[in-house]
Amino acid sequence: MSTAKNNEEIPNAHLHELMVKELQDLLGAEKQLLLGLEKMASAAVDDKLKAAFRLHCQDTENHIERLKSAFGALGLPPRGRRCKAMAGLLEAAGEIAAEFQDSPALLDIALIAAAQKMEHYEIASYGCALTYAELMELPEVTLLLGQTLEEERQADELLTEMALAGINQAQGG
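When the letters of the sequence shown are read in order and numbered with this note's numbering, they come out as residues 704 to 876.
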């Protein structure tokens, strides 16, 4: 595999292939998530939740661009691969939306839970890729992944705040 530097010059170069696989998985996951978030926004009942899903679509587009930049910093073309984990999480979200479509009181609560599962997957994946980049002393990649990791954490916190501040209570009656 080619990189911006020769692999012998990179500390912990044995992690290179693992990091590239993680980045490919993340790029695929983000692209899949982009479509899923649109569906979740359409399915949501609460206007604030719809808006949060749509805002995360914009963030996800930025995450995709950062991943492309990370590939560029490694001297590699940005190639994603289908993320089986995200596909499963999105499938589960679709099942939830279908199952609770006649129960708005539960639909938004279930969608928040589904979205948080996706965020937790992304947080774990970005955390791993970031660790590899740090160990390999790749500052540009580290910066890009760190920015996205922080945004994923913020998205998770927002979903928690929405659930605690009213959606669960207001819908639960």
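Glycine included, C-beta positions come from ideal geometry on N, C-alpha and C.
Quick caveat, the model's predicted, so the values are computed rather than measured.
Residue closest to residue i, alpha-carbon to alpha-carbon, out of the options
i: ASP749; options: GLU768, THR851, GLN804 and LYS734; result: GLN804
i: LEU721; options: LEU862, CYS831, LEU867 and THR863; result: CYS831
i: ASN715; options: LEU841, LEU758 and GLY791; result: LEU841
i: VAL723; options: GLY791, LEU779 and ALA808; result: LEU779
i: ARG868; options: LYS820, ILE812 and ALA817; result: Checking the displayed sequence, the identity of residue 868 turns out to be Ala instead of Arg. Considering only alpha carbons, the answer is ILE812.
i: GLU725; options: ARG757, PRO781, GLY791 and ALA747; result: PRO781
Cβ-based neighbour list, residue i, same chain, cut-off 7 Å, excluding 5 preceding and 5 following
i: LEU738; result: none
i: MET865; result: LYS751, LEU752, ALA755 and ILE815
i: LEU718; result: TYR835, LEU838 and MET839
i: LEU833; result: THR845, LEU848, GLY849 and LEU852
i: GLY783; result: GLN727, LEU730, GLY731 and LYS734
i: ILE799; result: ALA813, LEU814 and ALA817
i: PHE774; result: LEU726, PRO780 and PRO781
Backbone secondary structure at residue i - three-state DSSP
i: VAL844; result: helix
i: ASN715; result: coil
i: SER772; result: helix
i: LEU779; result: coil
i: MET839; result: coil
i: ARG784; result: coil
i: GLN761; result: helix
i: GLN857; result: helix
i: PHE756; result: helix
i: SER828; result: helix
i: GLN819; result: helix
i: GLU802; result: helix
Limits of the unbroken alpha helix (DSSP H) element including residue i
i: VAL723; result: 719–746
Cβ-based neighbour list, residue i, same chain, cut-off 8 Å, excluding 5 preceding and 5 following
i: CYS786; result: ASP728, LEU729, GLY731, ALA732 and GLN735
i: CYS760; result: LEU737, LEU740, GLU741 and ALA744
i: ASP859; result: GLN819, GLU822, HIS823 and ILE826
Contacts around residue i, its chain only, beta-carbon distance under 6 Å, and the 5 residues preceding and following it disregarded
i: ILE713; result: MET839
* To do: Report yes or no: do three or more beta-carbon pairs, one from the region 731–747 and one from the region 820–833, lie closer than 8 Å?
  => yes
* Give a yes or no on contact between the region 845–861 and the region 770–781, applying the rule of three or more CB pairs nearer than 8 Å. => yes
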